[in-house]
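Chemist:
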Amino acid sequence: DAKTTQPTSMDCAEGRAANLPCNHSTISGNEYVYWYRQIHSQGPQYIIHGLKNNETNEMASLIITEDRKSSTLILPHATLRDTAVYYCIVRLNAGGTSYGKLTFGQGTILTVHP
Amino acid sequence: GAGVSQSPRYKVAKRGQDVALRCDPISGHVSLFWYQQALGQGPEFLTYFQNEAQLDKSGLPSDRFFAERPEGSVSTLKIQRTQQEDSAVYLCASSNRTGSRSPLHFGNGTRLTVT
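Protein chains in written order, with our numbering: chain A, 3 to 116; chain B, 28 to 142.
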């Protein structure tokens, strides 16, 4: 699976947009970009995923560059409850032996301040 | 229930004891994954089931780890003769299809502490 690079930590003021970057320069055409977050003492929570096009749901927006080598997760109005570790994951499409498993890195620790 | 349920939430075992961790996936979900998460690290893949078939167990750290899903729903992760290095959070995740289009939904894990 392609490797991702994320900043170790980021800060954001409550009510402002949080923009979390991710580099995945070795991504291949059949790999999805997934974002999860993990709040302390909970399991990872699915946020959003995309292949080529930008995506938006009730939680966030995902902007993928045209060359697909990087992406940005946008939380439009961050709240204190958005403080968590955010994982950007490139997920190989099933086929072969990966079965679409997720390979987690270290993620970005996002701290939202009052 | 609406989500993936794991039990117990916390487990303390003495070194050398056997433990069994249970996962109730979302009803009807075909795919089931087990992950291990050490303190301060991201989750690491252990094993994968498609219905009752264990198709990938490449992440199991030793032959003391065993997982089963006999009827294609509930799964149990068993660790024999626990060691201190087995202390971690064990996460279960399920998905309604195979492949990468369907997200994995995780439970809140079982925190295992081996003393």
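Cβ atoms here follow ideal geometry from the backbone N, Cα and C, with glycine treated the same way.
Can you pull the chain A residues whose beta carbon is under 8 Å from the beta carbon of residue 75/B, in chain order?
Modeler: Translated into the one-based positions of the second sequence, residue 75/B becomes position 48. Neighbours of residue 75/B on chain A, chain order: 101 and 103.
Chemist: Is residue 84/A helix, strand or coil by DSSP?
Modeler: Numbered from 1 along the first sequence, position 82 holds the residue referred to as residue 84/A. Correct three-state label for residue 84/A: helix.
Chemist: Identify whether residue 111/B lies in helix, strand or coil by the three-state DSSP scheme.
Modeler: Counting from one through the second sequence, the residue named residue 111/B turns up at place 84. In the structure shown, residue 111/B adopts helical secondary structure according to DSSP, grouped into three states.
Chemist: Residues of chain A with CB closer than 8 Å to the CB of residue 51/B, please, in chain order.
Modeler: For this step, residue 51/B is matched to residue 24 along the second sequence. Simply none; closest approach about 13 Å.
Chemist: Can you pull the chain B neighbours of residue 89/A, defined as C-beta to C-beta under 8 Å?
Modeler: Walking along the first sequence from the start, residue 89/A turns up at place 87. Within chain B, the residues near residue 89/A are 69.
Chemist: Using a cut-off of 8 Å between C-beta atoms, extract the partners of residue 93/A located in chain B.
Modeler: Residue 93/A sits at position 91 when you count from the first residue of the first sequence. Chain B residues near residue 93/A: 127.
Chemist: Quick one: grab the DSSP three-state call for residue 66/A.
Modeler: Counting from one through the first sequence, the residue named residue 66/A turns up at place 64. Three-state DSSP puts residue 66/A in a strand.
Chemist: Closer than 8 Å by beta-carbon distance: list the chain B residues that pair up with residue 108/A, in chain order.
Modeler: Walking along the first sequence from the start, residue 108/A turns up at place 106. Chain B residues near residue 108/A: 68 and 69.
Chemist: How would you call residue 104/B, buried or exposed, if buried means at least 16 neighbouring beta carbons within 10 angstroms?
Modeler: Locating residue 104/B in the second sequence gives position 77, counting from the first residue. By the 10 Å Cβ count, residue 104/B comes out buried.
Chemist: Which one of 48/A, 18/A and 34/A has the shortest CA to CA distance from residue 88/A?
Modeler: Residue numbering aside, residue 88/A sits at position 86 when the first sequence is read from its first letter. Checking every option, the nearest Cα to that of residue 88/A belongs to 48/A.
Chemist: From residue 93/B to residue 87/B, what distance separates their C-alpha atoms?
Modeler: Start at 1 with the first residue of the second sequence, and residue 93/B comes out as number 66. Start at 1 with the first residue of the second sequence, and residue 87/B comes out as number 60. In a straight line, the C-alpha of residue 93/B is about 8 Å away from that of residue 87/B.
Chemist: If we cut at 9 Å on Cβ distances, does residue 132/B have a partner in chain A?
Modeler: The count along the second sequence starts at 1 and reaches residue 132/B at position 105. Yes, its Cβ sits closer than 9 Å to a Cβ of chain A.
Chemist: Beta-carbon within less than 7 Å of residue 65/A's beta-carbon, same chain only, minus the 5 sequence neighbours each way: which residues are those?
Modeler: For the purposes of this step, residue 65/A is identified with residue 63 of the first sequence, where counting begins at 1. The answer, listed in chain order, is 56, 73, 74 and 76.
Chemist: How many angstroms separate the CA atom of residue 5/A from the CA atom of residue 117/B?
Modeler: Position 3 of the first sequence, counted from the first residue, corresponds to residue 5/A. Position 90 of the second sequence, counted from the first residue, corresponds to residue 117/B. Cα-Cα distance, rounded: 23 Å.
Chemist: Indicate the three-state DSSP secondary structure (helix, strand or coil) for residue 66/B in the structure shown.
Modeler: Counted from its first residue, the second sequence places residue 66/B at position 39. Looking at residue 66/B - three-state DSSP - the assignment turns out to be coil, as it is neither helix nor strand.
Chemist: Please list the terminal residues of the continuous beta strand (DSSP E) segment that includes residue 49/A.
Modeler: On the first sequence, residue 49/A is found 47 positions in, with the first residue counted as 1. Start and end: 47-52.
Chemist: Would you kindly check if the distance between the Cβ of residue 52/B and the Cβ of residue 104/A is under 9 Å?
Modeler: Along the first sequence, one-based indexing puts residue 104/A at 102. Along the second sequence, one-based indexing puts residue 52/B at 25. It is not a contact, given that the beta carbons lie outside the stated cut-off.
Chemist: Determine the closest residue to residue 31/B out of 97/B, 79/B and 136/B, with distance taken between C-alpha atoms.
Modeler: Start at 1 with the first residue of the second sequence, and residue 31/B comes out as number 4. Sorting 97/B, 79/B and 136/B by C-alpha distance to the C-alpha of residue 31/B places 136/B at the top.
Chemist: Kindly identify the DSSP beta-bridge partner or partners of residue 133/B.
Modeler: Against the second sequence, residue 133/B aligns to sequence position 106. In DSSP, residue 133/B forms a bridge with 120/B.
Chemist: Return yes when the Cβ of residue 50/B is within less than 9 Å of the Cβ of residue 126/B, no when it is not.
Modeler: For the purposes of this step, residue 126/B is taken as residue 99 along the second sequence, with counting starting at 1. For the purposes of this step, residue 50/B is taken as residue 23 along the second sequence, with counting starting at 1. It is not a contact, given that the beta carbons lie outside the stated cut-off.
Chemist: Between the Cα of residue 80/B and the Cα atoms of 63/B, 89/B, 58/B and 66/B, which residue gives the shortest distance?
Modeler: By one-based count along the second sequence, residue 80/B stands at place 53. The candidate whose alpha carbon is nearest that of residue 80/B is 58/B.
Chemist: Quick one: is residue 45/B near chain A, going by C-beta distance under 9 Å?
Modeler: Along the second sequence, one-based indexing puts residue 45/B at 18. For residue 45/B, the answer is no, since every Cβ of chain A falls outside 9 Å of its Cβ.
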